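Enquirer: I have a structure here, written as structure tokens, and I will follow up with some questions on it.
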Ligand SMILES: Cc1cc2nc3c(=O)[nH]c(=O)nc-3n(C[C@H](O)[C@H](O)[C@H](O)COP(=O)(O)OP(=O)(O)OC[C@H]3O[C@@H](n4cnc5c(N)ncnc54)[C@H](O)[C@@H]3O)c2cc1C
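Numbering (this note's numbering), first residue to last: 929 to 1231.
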């Protein structure tokens, strides 16, 4: 582990911000988590690369996006959390149908940008509350569309500070994942859509948002879908398995099951990591004992 004094000395020569003993609770949708030893917001790519060259192979690093798919432990996070800011969230038009977006871009912004430029295919992004970086990592998706369906290539940096471009054809995407090195930090990605009328795109966005709002809770402290659909074991959706196996009023402290969508778990007020983890474990075990099916978490648990 690197000494705080070394990080402090690095932080003096850069424009980006370093925070020490940073409260992670406010950085994620669940509103749960402990303190990070260090939290780094690089101002630009060259600062990120300098940091990685110096510390990337020695330090435990976690790259945080919008925090909409993570459940963070209440203990001290011993490494450095990196958060990419506005200089990593530019969107540009490469051609009539090709867009490039920085990895800190909020998905909804890319969907809006595509709509303004008469490019269809990005509508589903208006329903995912994460960043492009998080979406690439998770191969996020909804309404039968996933990141992989629009992706052309990814630009990334490895933990030694080396930049690389990976064409989509070289990446094996899975349901909510990919086979890329887990330490890669995504910088930007290029995507391809199709020419379409702005009004038609906007109508599709409105209709997807309505569908989503009808079936899933909004404005709550949650991590979205807690478990993945067990697609290799059954055609049943995970919410159906939960609904028939688990009493939906199950609570651990302030951690509860959403009454609107039983695969969404909610921090009702001040749930701790342990409350939420107990709820997750209870649901997993109960589904297994009632249906024989093993379900896996979609949300990522950060230790
Ligand atoms: C209300 C709600 C609704 C949701 N609906 C959906 C849905 O319909 N479909 C769906 O698929 N998901 C959904 N999610 C889950 C979540 O929004 C997605 O998984 C999203 O893509 C995560 O992005 P993020 O930026 O929040 O990532 P985070 O939660 O911050 O991180 C998730 C993972 O991505 C990694 N990561 C983030 N940025 C980078 C980067 N630049 N480089 C490398 N790794 C990176 C993190 O290290 C972590 O491993 C929902 C969540 C909520 C709270």
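Quick reminder that beta carbons are idealized off the backbone N, C-alpha and C, glycines included.
Predicted model only: the values in this text are computed from it and were never measured.
1) How many whole angstroms separate the CB atoms of residue 992 and residue 955, which I take to be in contact at a CB cut-off of 8 Å?
2) Check whether the Cβ atoms of residue 944 and residue 987 lie closer than 9 Å to each other.
3) Shorter than 8 Å, the distance from the beta carbon of residue 992 to the closest heavy atom of ligand 1, or not?
4) Going along the chain, which unbroken runs of the alpha helix (DSSP H) with 4 or more residues stay wholly within the segment 1059-1116?
5) Please confirm whether any heavy atom of ligand 1 lies closer than 8 Å to the CB of residue 973.
6) Following a CB-centred definition, is residue 1153 positioned closer than 8 Å to any heavy atom of ligand 1?
7) So residue 1203 packs on residue 1183, CB below 8 Å; how close in whole Å?
8) Assign residue 894 to one of two classes, buried (16 or more other C-beta atoms within 10 Å of its C-beta) or exposed (fewer than that).
9) Only counting the same chain, and skipping five residues up and downstream in sequence, which positions put a Cβ closer than 7 Å to that of residue 1024?
10) Rounding to the nearest angstrom, what Cα-Cα distance links residue 1185 and residue 1088 in this structure?
11) Say the cut is 8 Å; is the CB of residue 1078 nearer than that to a heavy atom of ligand 3?
12) Evaluate contact between the segment 952-967 and the segment 1009-1027, counting only Cβ atoms and requiring at least three cross-stretch pairs below 8 Å.
13) Contact check, residue 1056 vs residue 1077 under 8 Å by CB: the rounded distance?
14) Output the distance between the C-alpha atoms of residue 1169 and residue 1205, rounded to the nearest integer angstrom.
Expert: Once the coordinates are examined:
1) Residue mapping note: residue 992 aligns to position 64 of the chain shown, counting from 1. Residue mapping note: residue 955 aligns to position 27 of the chain shown, counting from 1. Their Cβ separation, rounded to whole angstroms, is 6 Å, which keeps residue 992 and residue 955 in contact under 8 Å.
2) The residue labelled residue 944 in the question sits at position 16 within the chain shown. The residue labelled residue 987 in the question sits at position 59 within the chain shown. In this structure, residue 987 does not lie closer than 9 Å to residue 944 by Cβ.
3) The residue labelled residue 992 in the question sits at position 64 within the chain shown. Correct: residue 992 has its Cβ closer than 8 Å to ligand 1.
4) 1060-1066
5) Stepping through the chain shown from its first residue, residue 973 is reached at position 45. No, Cβ of residue 973 sits at least 8 Å from all heavy atoms of ligand 1.
6) As a first step, residue 1153 must be located in the chain shown, where it is residue number 225. Flag set: Cβ of residue 1153 near ligand 1.
7) Within the chain shown, numbered from 1, the residue matching residue 1203 stands at position 275. Within the chain shown, numbered from 1, the residue matching residue 1183 stands at position 255. Indeed, because the Cβ distance is near 4 Å, the residues count as touching under 8 Å.
8) With the chain represented from 929 up to 1231, any question about residue 894 goes unanswered, as that position is not in the structure.
9) To locate residue 1024, count along the chain shown from 1; it is residue 96. The residues are 1123.
10) Here residue 1185 is taken as the residue at index 257 of the chain shown, counted from 1. Here residue 1088 is taken as the residue at index 160 of the chain shown, counted from 1. Each residue's Cα considered, the two are about 41 Å apart.
11) Within the structure as shown, ligand 3 is missing, the only ligands being ligand 1.
12) yes
13) Within the chain shown, numbered from 1, the residue matching residue 1056 stands at position 128. Within the chain shown, numbered from 1, the residue matching residue 1077 stands at position 149. Wrong, their Cβ atoms sit about 13 Å apart, outside the cutoff.
14) The count along the chain shown starts at 1 and reaches residue 1169 at position 241. The count along the chain shown starts at 1 and reaches residue 1205 at position 277. Between residue 1169 and residue 1205, the C-alpha separation is close to 19 Å.
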